[in-house]
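**Q** Here UniProt numbering is used: position 86 in the sequence shown is 86, and no number is missing along the way.
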Amino acid sequence: MDIDVQVYPHTLALAHAFAEATATALREALDGEPRATLCLTGGSTPEPAYKLLADADLPWDRIHVFWTDERMVPPDHEQSNYAMAKRALLDPAGIPESNIHRMDGTLHPKEAAEDYESVLHQFFGEDPVAFDVLHLGMGSDAHVASLFPGGPELEEYDRWTVPSRAPAGTEIRPRLSLSFLALNTARLALVIAAGEKKGEAFAEVVEAYESETIAPPPIVRVRPAGDLVWMIDRALADAAS
Ligand code: 6PG
Numbered sequence: 001m002d003i004d005v006q007v008y009p010h011t012l013a014l015a016h017a018f019a020e021a022t023a024t025a026l027r028e029a030l031d032g033e034p035r036a037t038l039c040l041t042g043g044s045t046p047e048p049a050y051k052l053l054a055d056a057d058l059p060w061d062r063i064h065v066f067w068t069d070e071r072m073v074p075p076d077h078e079q080s081n082y083a084m085a086k087r088a089l090l091d092p093a094g095i096p097e098s099n100i101h102r103m104d105g106t107l108h109p110k111e112a113a114e115d116y117e118s119v120l121h122q123f124f125g126e127d128p129v130a131f132d133v134l135h136l137g138m139g140s141d142a143h144v145a146s147l148f149p150g151g152p153e154l155e156e157y158d159r160w161t162v163p164s165r166a167p168a169g170t171e172i173r174p175r176l177s178l179s180f181l182a183l184n185t186a187r188l189a190l191v192i193a194a195g196e197k198k199g200e201a202f203a204e205v206v207e208a209y210e211s212e213t214i215a216p217p218p219i220v221r222v223r224p225a226g227d228l229v230w231m232i233d234r235a236l237a238d239a240a241s
């Protein structure tokens, strides 16, 4: 499988490009439509891009925001993906509360999965969940969302949400994630990854795409209905080559 990889000289250029690609795709999705959907990812890499996206000239009252995954912590916890998005994007952009569909990290993971499944059903109705723009990151083990190598959550294809558990040593292990079923219907998936530390993982990812390995890393199993664009920095590209 050929992949579209865009390499940017440094993380600031990467953040600008990621924000601009997101804004452009949202404007296209809103053309002739009453609303558009944006699914945010977590971790730390996206935060500079989210701060820039908050300044984009977008009709945020018509854009609904969801998450790919969440750590099972309260929404004001420093490790909460919602908390990161709130300070970088939701508050600065003035996104209406009614457009923010966050995962509830205060519930037991199984309950949180059921709760978010109903949130998605309530929004998408009888239609399958399908995000206009899906943001993804990549862990140093090539995990995506909170779908980790070797985890049973990788095999969830009946439900849109799945509880999972981050590897030992991770600060917050209980997680809630969208399943591949919910990720793979995206109209556009933008992956943001940076830093030489992920070089080995990205090299494995490229190899898996090229050789169609039978057991690819989790992020390679994201095969969206629409386009998939990798946006990385030069440090990661060099570390993977
Ligand atoms: C999370 C994310 C996760 C993230 C990667 C990369 O909750 O951690 O959704 O999938 O994208 O772990 O995280 P960094 O950007 O912090 O390296």
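The beta-carbon is built from N, C-alpha and C at its ideal position, and this holds for glycine as well.
Keep in mind it's a predicted model, so treat the numbers as computed, not measured.
(1) Beta carbon of residue 80: closer than 7 Å to some heavy atom of ligand 1?
(2) To test your reading of the DSSP string, which unbroken beta strand (DSSP E) runs of 3 or more residues are found completely within the stretch 170-227?
(3) How about residue 38 and residue 109: are their beta carbons less than 8 Å apart?
(4) Is any heavy atom in ligand 1 found nearer than 7 Å to the beta carbon of residue 101?
(5) Thinking C-alpha only, which one of 240, 211, 165 is nearest residue 143?
(6) Does the contact criterion of 3 or more C-beta pairs under 8 Å hold for the stretch 153-169 versus the stretch 73-92?
(7) Evaluate residue 182 with the Cβ neighbour count: other Cβ atoms within 10 Å of its Cβ, from every protein chain shown; 16 or more gives buried, anything less gives exposed.
(8) When you compare the stretch 196-203 with the stretch 113-133, are there three or more beta-carbon pairs, one atom per stretch, that lie closer than 8 Å?
(9) For residue 135 and residue 150, I'd like the C-alpha separation in whole angstroms.
(10) If you count every other CB in all the chains shown that lies within 10 Å of the CB of residue 189, and 16 or more means buried, which is it?
**A** So, from the listed chains and residues:
(1) Start at 1 with the first residue of the sequence shown, and residue 80 comes out as number 80. Outside the cutoff, so no.
(2) 174-178, 188-193
(3) Within the sequence shown, residue 38 is the residue found at index 38, counting from 1. Within the sequence shown, residue 109 is the residue found at index 109, counting from 1. For residue 38 and residue 109, no; Cβs fall outside 8 Å.
(4) Working through the sequence shown from its first residue, we reach residue 101 at position 101. No, ligand 1 has no heavy atom inside 7 Å of this Cβ.
(5) Looking up residue 143 in the sequence shown gives position 143. For the residues 240, 211, 165, the minimum Cα distance to residue 143 belongs to 165.
(6) no
(7) For this step, residue 182 is matched to residue 182 along the sequence shown. Flag for residue 182 reads buried.
(8) no
(9) The sequence position of residue 135 within the sequence shown is 135, counting from 1. The sequence position of residue 150 within the sequence shown is 150, counting from 1. For residue 135 and residue 150, the gap between their C-alpha atoms comes out near 22 Å.
(10) Walking along the sequence shown from the start, residue 189 turns up at place 189. It is buried - the Cβ of residue 189 has at least 16 other Cβ atoms within 10 Å.
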